[in-house]
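*Asks:*
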Amino acid sequence: MATPLLRKQLPDPGSFVERRKSVRDSTALRLLSAERSEEIFPILLEEIIALGFPRALVLGVDFESGAVRPVAALKYQPNQLQRFHSQLWAGENPLVAALHALKPALLSPLGGDREPLYCHPLLYRNRNQCWEAERERRRECLAVQNFRSPHKLQLQEQVCASCGMRAYAAMVVVQVGRDPKEGELRQLRNLIETANRYLARLFKVEHYYNRMRDMDVTISQMHTVMQSMADPVILTDGHHRVVMLNRAAERFFKMPEGVTEGGARAVELNNLYFSAALSSMAVSGVESHRDLTLVDVMEGEEVLFEAVCAPTFSSDGVRTGMVTVMRDVTDLRRADQEVRSNLQKLRDAEEIVRQDRDRLNLVIENVGDPIVVADGAAKMVLLDPLAKELFGMGDAPRHPAVVRNQARLDAYLTAFTFSFAEGQNRPLRLHNPASNNEIEYAARSGKIYDARGQVAYTVTVLRDLTAWKKLEQLQLERRMLEVEKFAATGRLAGTIAHEINNPLEAIKNAIYLLPGKLKPPAEPVYDILKSETERVTRIVRQMLGLYRNTDQVGPFDLNSVVDDTLTLFARQLSTASITVEKQLGKLPPIVGSADQFRQVLSNLVVNARDSMAKGGRLAVRTRHVRATDGVHGSVNILLADTGCGIPADMLQSIFEPFVSTKGEKGTGLGLWIVKGIVENHSGGIRVRSRQGRGTVFKLSFPIVR
Amino acid sequence: MPKAKKPQVLVVEDEASVLLTYRLMLEDEGYEVFCALSSQEAEAILARRGFDLVLCDLSLEQNHTGFEVFERVRKRDPKVPCVLLTGYANRETTERAEQAGIAVFFKPIEIDEFLRTLKKLLRNAHGKPAEANRD
């Protein structure tokens, strides 16, 4: 069913014009039936012959080689075609000249021909623009330009600026009669122009078909490239819808067959994360990248990606979507993190080493003794300033004493380094260049081993023994002085006491005789006399005890002294309901004054007794402690009571004279004497006490075998 | 007043005031007290008569000691109880006294204990309490 508009254009048969039109229409229909451009020329030539012309041919132009040669011919013998071959630049050839003129021309007979030739150049020309130009709304389509202004055209410029089409150029050559009629020629011209229009149309179709094929190839190439990439690549359109993704991307964004619920959620989540990332990247416009953590659906592992996103544009600059390439940086980040943490560890270790070194340097500088560090070959590596004085180091001319010192140290170090000893402690006589005298040093050495157990370094500290000996001597002297002082004090006290003793005896006895011979008002005075005299008596007794026992020094058995003392006080102690726990170990004999020891013990036992007014326990223990060297050792005595104890603030001063915890009853001399005697015997005394719990005295005396 | 059979005591002490107090105390206790201020005096008395009890200071005039006096006493009667009074006896002295059976008292003496000991010594020596002799 035709539309009225079409019906109007239907041919109206009958008239002459109509008949000619119908002839033309049949030609048009034949040309229309051609599906390929190369079919046009044979149909055209047949139609020309059908118009009554003897023979015709079509010359084609090859723009690549510039050759002009027949591409189709009718009624020509092959040998007759030879003379139509030419070149585009062969301007002297009238055929080529006619081609360049781009205007139909009637050429006079050529060569063997007796009749003239009608030449009609053909160019890609059309009233309609190419589709490309139409879409881009450009006016420069080659077909239209050729249609509108054929005269200005050059054959060499036949390339469309819009679609890139390489146009054709050809020329239809028809042999016409001697005097061709104008009507015949017009008919011929019309036929050729009609054929050219069909040719141009087919050419255009073929061009776009070729372009499509090329694009298909390109697309499939791009697809292959995309698929062959190991990193996920995703193509999205302007609405962030996924257009295409490669296999690597499918792993994360495509729901696989028979996926678990968790897997499906992972895919959903991945898509969600991706579109979020895409949206934010799209905002930034140009190429941007961001980190994206996705879940590998198959492995179930988290993978950290760096997504790089670039927008895509069409040829006219319209944004069409985005290409996202994701790089797996999980391992990279992990490695990066590891490197960072290793670096930090290294820095920390370095810091520790640096601190250690600084500390060591500080120690070495401040030891105050010469220190020598030597390597495994007994060569000096490091000397502290004091050692440098002794052994010198550097280029300064050496003092002969320094050279001698070096020789001695070398001998010492060599002997030590290559010995099996871990450490060594030997005297070493060296010459001090500063004071210019010989000094005896105690060289103390140790070894530092490397990982293989070889001696890496030896460290030797030299100790100036003269100074040390001097100090020791000084200490001894001071100690002697102390002892002497104590003895002198004791003697003085004894002398004074002795001188007081007799008058005191008289006073005391006299007071004893007084009762009953006094008037009552004088009785308080008598009481004062009596109690104060008794106090003086106690002080004098203590002092006399100290003085009395200064002689008779020799070896004695401490245990028997303990026994004696406890026996002496046995009655007093049991009266006060104090039980005695005696535990006496086997002791070597002690050298000293047994009498003085007896007094020490007596004083301590009396103190213990006085502290336990309501009874209690007194533990007395003796013990021999051997030192590891088998030579030295000590004898220890321990007295522990369960009495009232000593107030903490008094513990410091109980060994001072005239300090007493017993008030009026005590003289304050007991422990002072005890301490004096203990120190006289080079011993030590320590006290531990808690108020209300008891007191422990520990005495220790060194013994030498 | 009948002549009481009081225990007769000799006290030797070079300090007169001390000697006096001893004498008064002992007389209070019911003893008949004879005094000597030196070993010489003591010897003179001992040459004349014997005693139930002898008390003597260790250090006497010059270099004389109580032991000389005791020797004299023992020569006459070995059973007489003797008491040495001393201000600064060392171990040697004490041991010597103990060996000789002589009681030792350190000055300043504990008066009550001192008096008790004297009574005991007399009882042991004569088989009867001194107290009985007083009446």
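As you go down the protein sequences, you meet chains A and B in turn. Take the first sequence: its letter number 136 is residue 140 in the numbering used here, and every next letter is one higher. Take the second sequence: its letter number 130 is residue 146 in the numbering used here, and every next letter is one higher. No residue lacks a Cβ here, since even glycine has one placed at the ideal position from N, Cα and C. Treat the numbers as computed from the prediction; the structure is a model and nothing was measured.
#1: Quick check on DSSP: helix, strand or coil for Thr554(A)?
#2: Alpha carbon to alpha carbon, what distance is there between Glu119(A) and Ser112(A)?
#3: Alpha carbon to alpha carbon, what distance is there between Val28(B) and Ala52(B)?
#4: Examine chain B for any beta-carbon lying closer than 8 Å to the beta-carbon of Leu518(A), and answer yes or no.
#5: Any beta-carbon of chain A closer than 8 Å to the one on Leu40(B)?
#6: Could you name the residues of the region 603-637 of chain A whose beta carbon sits closer than 9 Å to any beta carbon of chain B, in the order they occur along the chain?
#7: When the distance is taken between beta carbons, is Ala173(A) closer than 8 Å to Leu127(A)?
#8: What residues are listed by DSSP as bridge partners for Pro315(A)?
#9: What are the residues of the region 32-57 of chain B that lie near chain A, defined by any Cβ-Cβ distance shorter than 8 Å?
#10: How would you list, in chain order, the residues of chain B whose beta-carbon sits under 8 Å from the beta-carbon of Asn640(A)?
#11: Do you know whose CA, among Asn132(A), Arg627(A) and Val459(A), lies nearest Arg201(A)'s CA?
#12: Find out if the Cβ-Cβ distance for the pair Cys34(B), Ala501(A) is shorter than 8 Å.
#13: Express the C-alpha separation of Gly620(A) and Val595(A) in angstroms, rounding to a whole number.
#14: Mind pulling the chain B residues with CB within less than 8 Å of Arg545(A)?
#15: So which residues on chain A does Ile127(B) lean against when the C-beta distance must stay under 8 Å?
#16: Could you pull out every unbroken beta strand (DSSP E) segment of at least 3 residues lying fully inside the region 346-391 of chain A, listed in chain order?
#17: Considering Cα atoms alone, identify which of Pro23(B), Leu101(B), Ile125(B) and Ile127(B) is closest to Gly66(B).
#18: Assuming the contact rule is C-beta atoms closer than 8 Å, Arg90(B) and Val99(B) should be a hit. Round their C-beta distance to whole Å, please.
#19: Helix, strand or coil: which one does DSSP assign to Pro260(A)?
#20: Quick one: grab the DSSP three-state call for Asp16(A).
#21: Run through DSSP, which three-state label would Thr102(B) get?
#22: Going by DSSP, name the residue or residues bridged to Ile714(A).
#23: Report the option in Ala460(A), Ala446(A) and Tyr445(A) whose CA atom is closest to the CA atom of Ile452(A).
#24: Pro74(A) to Asp66(A), Cα distance in whole Å?
#25: Less than 8 Å between the beta carbons of Leu106(A) and Phe88(A), yes or no?
#26: Excluding the five sequence neighbours on either side, which residues of its own chain have a C-beta within less than 7 Å of the C-beta of Asn563(A), listed in chain order?
#27: Looking at C-alpha atoms only, which residue of Phe601(A), Ile543(A) and Asp568(A) is the closest neighbour of Gly558(A)?
#28: Taking Ala270(A) as the reference, give the member of Met384(A), Val301(A) and Ser439(A) with the closest Cα.
#29: Given that Asn684(A) touches chain B, what residues does it touch there, using C-beta distances under 8 Å?
#30: Does DSSP put Lys586(A) in a helix, in a strand, or in coil?
#31: Check for me: the beta strand (DSSP E) holding Gln179(A) runs from which residue to which?
#32: Using the Cβ count rule (16 or more neighbours within 10 Å means buried), how would you classify Glu660(A)?
#33: Would you say Gly103(B) faces chain A, with C-beta separation under 8 Å as the test?
#34: Which term fits Glu129(B), buried or exposed, when burial requires 16 or more other beta carbons within 10 angstroms of its beta carbon?
#35: Look up Gly696(A) in the DSSP assignment and say whether it is helix, strand or coil.
*Replies:* Reading it off the structure:
#1: Bear in mind that a pLDDT of 49 at Thr554(A), under 50, signals an unreliable position, so the model cannot answer this.
#2: Straight-line Cα distance between these residues: approximately 7 Å.
#3: 5 Å
#4: Not closer than 8 Å to any Cβ of chain B, the Cβ of Leu518(A) fails to qualify, so no.
#5: yes
#6: Near chain B, meaning a CB-to-CB distance below 9 Å, no residue of the region 603-637 of chain A qualifies.
#7: Contact check for Leu127(A) against Ala173(A) passes: the beta carbons are separated by less than 8 Å.
#8: Per DSSP, Met326(A).
#9: Ser33, Val34, Leu36, Thr37, Tyr38, Leu40, Met41 and Asp44
#10: Correct list: empty, because the minimum Cβ distance to chain B is about 25 Å.
#11: Asn132(A)
#12: Looking at the sequence shown, residue 34(B) is not Cys but Val. Result no, Cβ atoms of Val34(B) and Ala501(A) do not sit closer than 8 Å.
#13: Roughly 33 Å separates the two Cα atoms.
#14: Phe122 and Pro124
#15: Lys512, Asn513 and Tyr516
#16: 375-379 and 384-387
#17: Pro23(B)
#18: That belief does not hold up - the Cβ atoms of Arg90(B) and Val99(B) are roughly 13 Å apart, past 8 Å.
#19: coil
#20: Legend: pLDDT at Asp16(A) = 47, less than 50; position of this residue unreliable, no value from coordinates given.
#21: In the structure shown, Thr102(B) adopts extended strand secondary structure according to DSSP, grouped into three states.
#22: Residue numbering for chain A in the displayed model covers 5 to 709; residue 714(A) lies beyond these limits and cannot be assessed.
#23: It is Ala460(A) whose Cα lies nearest to the Cα of Ile452(A).
#24: In this structure, the alpha-carbon of Pro74(A) lies about 11 Å from that of Asp66(A).
#25: no
#26: Leu588, Leu591 and Thr626
#27: Phe601(A)
#28: Val301(A)
#29: Per Cβ cutoff of 8 Å: no residues; Asn684(A) is ~16 Å from chain B at best.
#30: strand
#31: Element bounds for Gln179(A): Ala173 to Gln179.
#32: exposed
#33: Answer yes: the Cβ-Cβ gap between Gly103(B) and chain A drops below 8 Å somewhere.
#34: exposed
#35: coil
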